[in-house]
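Student: Mind having a look at this structure? Questions to follow.
Protein chains: 4
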Amino acid sequence: MAPKITRFVPTADQLVYTFGGNPPILSMNPGEVLDLFTEDALGGKVRTADDIPSEKAPLPYVNPQTGPFHVNGAEPGDTLAIHLIDIRPARDWGVSTISPLFGALVGTKQTANLQAPLPERVWIYDVDADAKEVLFKALDSDFTTRLPLDPFLGTIGVAPPPFEVRSALVPDTFGGNMDSHEVRAGTTIYLGVNVPGALFSIGDGHFAMGDGEICGVAVEGATNTLLTVDLIKNSECPWPRLENNSEIMVAGSARPLEDAMRIAHTQLVYWVMESGLSLTDSYQLVSQASTTRIGNVVDPNYTVVAKIPKRHLPQHNWMDGVHRKLREISTVVARS
Amino acid sequence: MAPKITRFVPTADQLVYTFGGNPPILSMNPGEVLDLFTEDALGGKVRTADDIPSEKAPLPYVNPQTGPFHVNGAEPGDTLAIHLIDIRPARDWGVSTISPLFGALVGTKQTANLQAPLPERVWIYDVDADAKEVLFKALDSDFTTRLPLDPFLGTIGVAPPPFEVRSALVPDTFGGNMDSHEVRAGTTIYLGVNVPGALFSIGDGHFAMGDGEICGVAVEGATNTLLTVDLIKNSECPWPRLENNSEIMVAGSARPLEDAMRIAHTQLVYWVMESGLSLTDSYQLVSQASTTRIGNVVDPNYTVVAKIPKRHLPQHNWMDGVHRKLREISTVVARS
Amino acid sequence: MAPKITRFVPTADQLVYTFGGNPPILSMNPGEVLDLFTEDALGGKVRTADDIPSEKAPLPYVNPQTGPFHVNGAEPGDTLAIHLIDIRPARDWGVSTISPLFGALVGTKQTANLQAPLPERVWIYDVDADAKEVLFKALDSDFTTRLPLDPFLGTIGVAPPPFEVRSALVPDTFGGNMDSHEVRAGTTIYLGVNVPGALFSIGDGHFAMGDGEICGVAVEGATNTLLTVDLIKNSECPWPRLENNSEIMVAGSARPLEDAMRIAHTQLVYWVMESGLSLTDSYQLVSQASTTRIGNVVDPNYTVVAKIPKRHLPQHNWMDGVHRKLREISTVVARS
Amino acid sequence: MAPKITRFVPTADQLVYTFGGNPPILSMNPGEVLDLFTEDALGGKVRTADDIPSEKAPLPYVNPQTGPFHVNGAEPGDTLAIHLIDIRPARDWGVSTISPLFGALVGTKQTANLQAPLPERVWIYDVDADAKEVLFKALDSDFTTRLPLDPFLGTIGVAPPPFEVRSALVPDTFGGNMDSHEVRAGTTIYLGVNVPGALFSIGDGHFAMGDGEICGVAVEGATNTLLTVDLIKNSECPWPRLENNSEIMVAGSARPLEDAMRIAHTQLVYWVMESGLSLTDSYQLVSQASTTRIGNVVDPNYTVVAKIPKRHLPQHNWMDGVHRKLREISTVVARS
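In the order they appear, the protein sequences are chains F, Z, U and B. The working numbering numbers the first residue of the first sequence as 368 and each following residue consecutively. The working numbering numbers the first residue of the second sequence as 368 and each following residue consecutively. The working numbering numbers the first residue of the third sequence as 368 and each following residue consecutively. The working numbering numbers the first residue of the fourth sequence as 368 and each following residue consecutively.
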């Protein structure tokens, strides 16, 4: 039976800029499907090389979120599973920028320095959805090159622990602005629930991005995103877990970057132990068989994702088989 | 003329656990004086070596704040000046603990490791206010020693930028849980105003603490704190500035610790430039004449305070002379 | 014409444990080929799960190097190019360990803590060269799994700047213990020459390793390695560059890990600029089109490699075409 | 009885630039006194604001060392104690600079960025030994100010572990370029011996310096330094310990800065335990009673010194009473 599918396109004043702190925009049951429009990180307001990002999209009006969504039945102590069915560009262009005091290769608010900043600049990328490519055009020469279109969500998260309201620029235990390529179609993201209803939201679509989002801004773009959710009752998930058909993964977010590594890998060691390996065997196996992908080195916390192929692990029904179950809904939706 | 003095002792359900997110508990005018009770970081609930802190004061019920206070006339873009007139122990005991996953010398949520944690333990310190000492009593031997009583506030802060609500455990641009010895009687703290009324609060009194708050918990204690405030209109203050009779100081909060250093010292260089020195002269002079005190290396951001004696700087009316003005109110109050 | 091929198998007392500080063991001309035996990181002395690594291979007798080799004509200010033609296991087993105070997920000499250390343990891996697999066998259960055989050199480096002699455990500007998967057959490694003859050496063969060498020890094994070299006269190379048929790459080594990122990516931006792009265009393109692979997060410096496909860059004769030239020698050797 | 005093002034070609790697320039017995000239960090070659440091004192010719000295009887596994009796300016001027790619508030080799560097500049300070002051003169205005003369040695160290030779710019377990104010007259520095004779050296005199040596260069000056030494046989000292009449201290050197903190404080906890306290009591007491002073945040490793007053600790004969013994020699020398 085909699941219920709800299309939602937020109006400009429905966009939110935090995790937590906002009432739900919609309620849904586990197993239902949302078909969502997400605005780009700059609110869709930077459209030419002459637009000045810091004027068009000043803080705190960046990374607008679509949501939050209330998942019926979600309670603190549960784990929410969000399965991304499809992520597509909603426009035929994307945008990137460099900005003073932002990015990994310049001084920032935290890594402060006394040097003169780089200038603020804007690149507009054409999106060729059929060819699955985006077009880079140099500003200071006539060089162009086509990069693979690789759509994923920079932000996905639930409300943080009680009392807190966090900027949509921040990644942490609740997910958030992880800027990880792994938050893509085909992946299930597991997030610990902190408040009744979980109150998750998504945004910050990326059409292409190098590892680390080095200059602080990916090829940003609006998306249409199809997703479904499930709940694992009474199951803690201290840091975001991810699963696709072949791998299990953990996202750690912290500074310095080695702490993000430590979080992701200790959590992966603990997760692998759920399959029956001892602590030291799990530590050894993760050390030899896992790979790491850096999400960002520019946000208030840096994010890395550690992952290991399931085929190298003992047979195990990871996360109660929720990913497999959500894949089936995904297949039905794709057919319908 | 003696200023208006308002005594306020929060009830248990008036305590708040965030910066931002709460309505003001009181309004005040610049130049008025508050006489405040602050509860200890563990809510006054850990009173013997047999109390288990993680049960008596579970997250998020730590670092309760007295406030927030609405300062009439404060608008975003202004700077709030809070002058601490007096900080006194409100009880004849203080408390410290060590806890699993917290502290600089053990694995934590961020600096995660696979080793077995240390046990949870509690030390109660007797306070001898007359002798100005606190008494350390070893748990595993009969050794005791008297440490200097050195009262200061671990937390002082305003509401963060719009939309955000931050845990009272966090230090950042808005002040917060800096755990700096410099937040003591005689010091003026300058904080950029983010929301109308500024909405400042204080708490987390410390009776003694080594630099860095190494085990994560100082000798925590309830205080009676006397303070007054002023406003500098249309004056930005990107990071907390501090001033006493002899020094100007900046607090930087970030991870890794060198980024906290970079923030504090670049901001101090810029502040010194207000006296007329060039960038490179200010950089050179700060490099030779400033000292640094580490607030904490255990909170979500680490804090360092960079400071330089005014006597080594060009004559300048620092922060429009607000510290001097508030010192006068302080003197009147002390006499009254 | 087939190049001269010299086979060299060091005796135990010919092994060296530093970069710099040792006289050359052999001299060679650019274009000649070396066929080298490299001992494993533990000196081939840990062969069963009962061997105690810290006793069998105590510091400083780890990471034994084959070399150093004197390249005729190499002078400070030149760049040495080493092309790896082939790396094969020299034994049918490899070894890994966990050791107290070493590894990313435990306290170490630098990230010191007060917790009890993990125990010291040894895993022996069978190598199936035909199937291109290594066999992990759990110590505490009967689980086994086969991981891909993926041979690369943990260490490759030249003598450091004048006066210094560095442990073979350290990666830095001179190469060294980078523990990067990219130091594999088919890759050319470019290293700035610091002393006459360059004095390069190799060692620390790895048969498999997760990104970051998380527990501090890969699946270590002895190798037979075939390589050739060339010189680029009067050409500085401040950090190791790498090139294969499809990508150019830079290795940065530092702590914290974000500094290794910063080094690798600024150097990659500068290298890409050699193809004619402006600074900001190069920064933007690298930000969207580069990927990053973490070498290690356990050595005295952490290593990351940033890489970008040549097909996304302007046409350019990278490093004077040395990689292409050495590939041709490689092809001749493979045929002979 | 007055100890033997040996005056030694190195010629230019006797200066060395590393720890390790050089034959001893003199041998001495424990209890003898050396009266040493140390050249400034720039080799005495930058004497006016027009001198260009990177040309006058290019790498690796910085931080010239006086030494190394062979201590008769010192063997690996022993601890060398060096007591500094007196440190005096040997010239009536000192010098500081700012240089591109060096310093805490600019991009560096490791914390690389793409911004334009600051200019290279030189400040000459007059030294008034009688008034115990140095004179800062602004370059871009006519402001001057007098800072306290506060002489200490930026570098003091022994040869590193076997095989290694380390640049005199580096601080590590062997001491080296710690740039700590605590390496001053009246202090005993304890260093673990790595090679027969210990082979210690000193240099890099500072006449004044802010905490952290923020711009990378203190007020550098040549010194005449009086010291004596002793040995503690069969006693390991994994990181530099320091002792004066009132405090015990440990220096930790690492990146990021919090790791230097962790080293210094874990080692201080362990050292305090030698007086009989349990691990957790020592951790608690160090957390409340220690202070921290930052040596440098600019060298290849950052240095912090953690210290605690002896009066707050159990009675104990710290380091076998060597400091007290060397103080007596010091007193005799001062009288003679």
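C-beta: ideal position from N, C-alpha, C; glycine also. Every value quoted in this text rests on a predicted model; they were computed, and no experiment measured them.
Give me the Cβ distance between residue 597 of chain U and residue 693 of chain U, rounded to the nearest whole Å; I'm assuming they're in contact under 8 angstroms.
Tutor: Confirmed, about 6 angstroms.
Student: Go through its chain and collect everything with a Cβ distance to residue 608 of chain F's Cβ below 6 angstroms, but skip five positions before and after it.
Tutor: Result list for residue 608 of chain F: 557 and 617, in chain order.
Student: Using a Cβ cut-off of 8 angstroms (strictly closer), state whether residue 582 of chain B contacts chain Z.
Tutor: Yes - at least one Cβ of chain Z is within 8 angstroms of the one on residue 582 of chain B.
Student: I'd like to know if the stretch 480-495 of chain F and the stretch 467-475 of chain B are in contact, where contact means that at least 3 CB-CB pairs between them fall below 8 angstroms.
Tutor: Touching, yes, given that three or more Cβ pairs across the two stretches are closer than 8 angstroms.
Student: Are the beta-carbon atoms of residue 531 of chain U and residue 532 of chain B separated by less than 8 angstroms?
Tutor: Yes. Within cutoff.
Student: Do you know offhand how far residue 448 of chain B's Cα is from residue 523 of chain B's?
Tutor: Answer to the nearest angstrom: the Cα atoms are 11 angstroms apart.
Student: Report, in whole angstroms, the separation of the C-beta atoms of residue 632 of chain Z and residue 673 of chain Z, which I expect to be a contact under 8 angstroms.
Tutor: Between residue 673 of chain Z and residue 632 of chain Z the Cβ distance is about 5 angstroms, and since that is below 8 angstroms, they are a contact.
Student: Look at the alpha carbon of residue 514 of chain B and the alpha carbon of residue 550 of chain B, and state the distance between them as a whole number of angstroms.
Tutor: The alpha-carbon atoms of residue 514 of chain B and residue 550 of chain B are separated by roughly 19 angstroms.
Student: Kindly indicate which residue of B:605, B:377 and B:507 has the alpha-carbon position closest to the one of residue 635 of chain B.
Tutor: Comparing Cα-Cα distances from residue 635 of chain B to each of B:605, B:377 and B:507, the minimum goes to B:605.
Student: What is the DSSP secondary structure of residue 487 of chain U, reduced to helix, strand or coil?
Tutor: Three-state DSSP puts residue 487 of chain U in coil, outside helix and strand.
Student: How many Å lie between residue 440 of chain F and residue 537 of chain F at the Cα?
Tutor: So the two alpha carbons sit approximately 27 angstroms from each other.
Student: Would residue 436 of chain U and residue 397 of chain U qualify as a contact pair, given that the criterion is a beta-carbon distance under 8 angstroms?
Tutor: No. Outside cutoff.
Student: Check whether the Cβ atoms of residue 689 of chain B and residue 452 of chain B lie closer than 8 angstroms to each other.
Tutor: It is not a contact, given that the beta carbons lie outside the stated cut-off.
Student: Taking residue 420 of chain Z as part of the beta strand (DSSP E), name the residues at either end of that continuous run.
Tutor: No beta strand (DSSP E) holds residue 420 of chain Z; the alpha helix (DSSP H) holding it covers 420-423.
Student: Applying the criterion that 16 or more other CB atoms from any shown protein chain within 10 Å of the CB defines a buried residue, is residue 445 of chain B buried or exposed?
Tutor: By the 10 Å Cβ count, residue 445 of chain B comes out buried.
Student: Less than 8 angstroms between C-beta atoms, sequence neighbours within five positions excluded: which residues of the same chain meet that for residue 416 of chain F?
Tutor: Counting only Cβ-Cβ distances below 8 angstroms, and skipping sequence neighbours, we find 488, 489, 490, 491 and 506.
Student: In the DSSP output, which residue or residues are listed as bridge partners for residue 493 of chain U?
Tutor: Beta-bridge pairing links residue 493 of chain U to U:460 and U:502.
Student: Does residue 373 of chain B pass the burial test, meaning 16 or more other C-beta atoms within 10 Å, or should it be called exposed?
Tutor: With fewer than 16 other Cβ atoms within 10 Å, it is exposed.
Student: If I'm right that residue 434 of chain Z touches residue 567 of chain Z with Cβ under 8 angstroms, what's the distance once you round it to whole angstroms?
Tutor: Between residue 567 of chain Z and residue 434 of chain Z the Cβ distance is about 6 angstroms, and since that is below 8 angstroms, they are a contact.
Student: List the whole-angstrom C-beta distance separating residue 542 of chain F from residue 525 of chain F, where the pair is believed to meet the contact cut-off of C-beta under 8 angstroms.
Tutor: Residue 542 of chain F to residue 525 of chain F, Cβ: 6 angstroms. Contact.
Student: Taking only the alpha-carbon atoms, compute the straight-line gap between residue 545 of chain F and residue 458 of chain B and give it to the nearest angstrom.
Tutor: Going from the Cα of residue 545 of chain F to the Cα of residue 458 of chain B covers about 56 angstroms.
Student: Excluding the 5 residues preceding and the 5 following residue 468 of chain B in the sequence, name in chain order all residues of the same chain whose CB lies nearer than 7 angstroms to its CB.
Tutor: Hits under 7 angstroms: 474, 475, 476 and 484.
Student: For residue 644 of chain U, which residues from the same chain have a beta carbon less than 7 angstroms from its beta carbon, with the 5 sequence-adjacent residues on both sides left out?
Tutor: Excluding positions up to five away in sequence, the list reads 652 and 681.
Student: Residue 521 of chain Z: which of Z:535, Z:695 and Z:512 sits nearest, CA to CA?
Tutor: Residue Z:535 is the option with its Cα nearest to residue 521 of chain Z.
Student: Using beta-carbon positions only, say whether residue 404 of chain F and residue 601 of chain F come within less than 8 angstroms of one another.
Tutor: No. Outside cutoff.
Student: For a contact meaning CB atoms closer than 8 angstroms, what does residue 480 of chain F contact in chain Z?
Tutor: Result: 629 and 633.
Student: Does any residue of chain F bring its CB to less than 8 angstroms from the CB of residue 473 of chain B?
Tutor: By this cut-off, residue 473 of chain B is an interface position.
Student: What's the gap between the Cα of residue 588 of chain U and the Cα of residue 637 of chain Z?
Tutor: Approximately 55 angstroms, taken between the alpha carbons.
Student: Note the first and the last residue of the continuous beta strand (DSSP E) segment covering residue 405 of chain B.
Tutor: It spans 400-405 - the beta strand (DSSP E) in which residue 405 of chain B sits, taken as one unbroken run.
Student: Would you kindly report the start and end of the unbroken beta strand (DSSP E) that includes residue 437 of chain U?
Tutor: Where residue 437 of chain U is concerned, the enclosing beta strand (DSSP E) stretches over 432-438.
Student: Take residue 389 of chain U and list the residues in its own chain whose beta-carbon comes closer than 7 angstroms to its own, dropping the five residues that flank it on each side.
Tutor: Closer than 7 angstroms at Cβ, skipping near neighbours: 383 and 435.
Student: Can you give the Cα-Cα distance for residue 595 of chain F and residue 371 of chain F, rounded to whole angstroms?
Tutor: Each residue's Cα considered, the two are about 10 angstroms apart.
Student: Looking at residue 622 of chain U: is its Cβ nearer than 8 angstroms to the Cβ of residue 623 of chain B?
Tutor: Yes, Cβ-Cβ distance for residue 622 of chain U and residue 623 of chain B is below 8 angstroms.
Student: Measuring only the C-alpha atoms, how far is residue 660 of chain U from residue 658 of chain F?
Tutor: Cα-Cα distance, rounded: 9 angstroms.
Student: Answer yes or no: do residue 427 of chain Z and residue 409 of chain Z have a C-beta to C-beta separation smaller than 8 angstroms?
Tutor: Not in contact: residue 427 of chain Z and residue 409 of chain Z (Cβ atoms no closer than 8 angstroms).
Student: Taking the CB atoms as reference points, tell me whether residue 529 of chain Z and residue 560 of chain Z lie closer together than 8 angstroms.
Tutor: For residue 529 of chain Z and residue 560 of chain Z, no; Cβs fall outside 8 angstroms.
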